[in-house]
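In what follows, a single structure is set out as structure tokens and then discussed.
Numbering (our numbering), first residue to last: -7 to 260.
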């Protein structure tokens, strides 16, 4: 059973619970934390090379966060044939909505993060490097909210769009055949880290053949250069797209390490 579907550009769908599917556009699926406290909240961006959204990187991740006492929203962002910046605008909108409805949805507005897997990690990293602090003159009050996340969790993320470590499938599906060097540089997120980039937890496997671990290393190196708190875990072995990795002998530790990191950062 899925959570409550919420429109990014309108109101919550009336009354029903839904299963997220890759044909929905402009919605997020809400998995609230139990209890009456104001919980930390996460926007989750499943992977899928910007051509689909991987189901195992959505609801299962949301329920893991629920077990940690956090609220989760699985972002059903636009994929191929939609192009940049549609999905990026949707990620920013999701963060703004969480801030705007923080009291109503029992969210701690100072603890709103975004996490992503593979190409969803690229989307999440973009949200952490391509945000604004709100548009004071916007007619839509939601757009007056900051789109800056307070933290990032990036799982085997696509980071760079530049050779030799770019995931060319993501490049093609996000930008199309006409993508040029300027757009590749614009969407290589390691190039746009600043001292204001949110604190970040990153994990990858050393032998990932689909998205090289060099993507995560490059982002971590940029965070280090700018003094941004971060943690990078590179596990010995494991295929791409592991999700929770609960049965994997090496990568299964990522959730334990992420939980410990969140606790140190005051998120638990």
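Positions of the beta carbon are idealized from the N, C-alpha and C atoms, including for glycine.
Remember, it's a predicted structure, so these values are computed and weren't measured experimentally.
Query                                                                                                         : Result
Pair within 8 Å by beta-carbon distance, residue 63 and residue 38                                            : no
Boundaries (first-last residue) of the alpha helix (DSSP H) holding residue 164                               : 160 to 167
Cα-Cα separation, residue 59 to residue 246                                                                   : 16 Å
Ordered list of beta strand (DSSP E) runs contained in the stretch 211 to 243, each at least 3 residues       : 222 to 227
Alpha-carbon spacing of residue 171 relative to residue 29, whole angstroms                                   : 46 Å
Range of the contiguous beta strand (DSSP E) that encloses residue 72                                         : Note, residue 72: premise wrong, no beta strand (DSSP E); not H, not E.
Span separating the alpha-carbon of residue 182 from that of residue 124                                      : 18 Å
Enclosing beta strand (DSSP E) for residue 87 [first to last residue]                                         : First-last for residue 87: 78 to 92, but that is the alpha helix (DSSP H), not the beta strand (DSSP E).
For residue 174 and residue 66, the rounded distance between their alpha carbons                              : 31 Å
Validate contact between the stretch 40 to 53 and the stretch 222 to 230 using beta carbons, cut 8 Å, 3 pairs : no
Backbone secondary structure at residue 198 - three-state DSSP                                                : coil
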